[in-house]
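Read left to right, the sequence shown gives residues 15 to 73 (this note's numbering). Ideal Cβ positions, reconstructed from N, Cα and C, are used throughout, including at glycine. Data block below; observations after.
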Amino acid sequence: MAHVPESVTMYVCEHCQVAHAGTPIHVDTAEHRFEAPDECGSCGETAFVALSDWVHHHD
Ligand SMILES: [Zn+2]
């Protein structure tokens, strides 16, 4: 089974608010970082907010 990083950054689509797991990017042998998906699999929009920022994103 593939190694699963312990903490996956989640991104929330600004349009439909569906959460997506970030795409893991290899930065080193043992390190990953996560990038927002190219587009939302649900609505096709491309604007994402990291889940950790989402709570601050609301007015
Ligand atoms: Zn969406």
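Ligand 1 and residue i: does any heavy atom of the ligand fall closer than 6 Å to the residue's C-beta?
i     : result
Glu49 : no
Pick helix, strand or coil for residue i, following the three-state DSSP scheme.
i     : result
His46 : strand
Val26 : strand
Tell me residue i's beta-bridge partners as DSSP assigns them.
i     : result
His40 : His46
His71 : His71 pairs with nothing; no bridge assigned.
Would you grab the beta carbon distance between residue i and residue j for me? Rounded to a whole angstrom, and I think it's under 8 Å.
i     : j     : result
Trp68 : Val32 : With 8 Å as the limit, Trp68 and Val32 do not qualify as a contact, their Cβ atoms being about 12 Å apart.
Notebook entry, point to check: Whose CB is closer than 6 Å to a heavy atom of ligand 1? List the residues in chain order.
Noted result: Cys27, His29, Cys30, Val32, Cys54, Ser56, Cys57, Glu59
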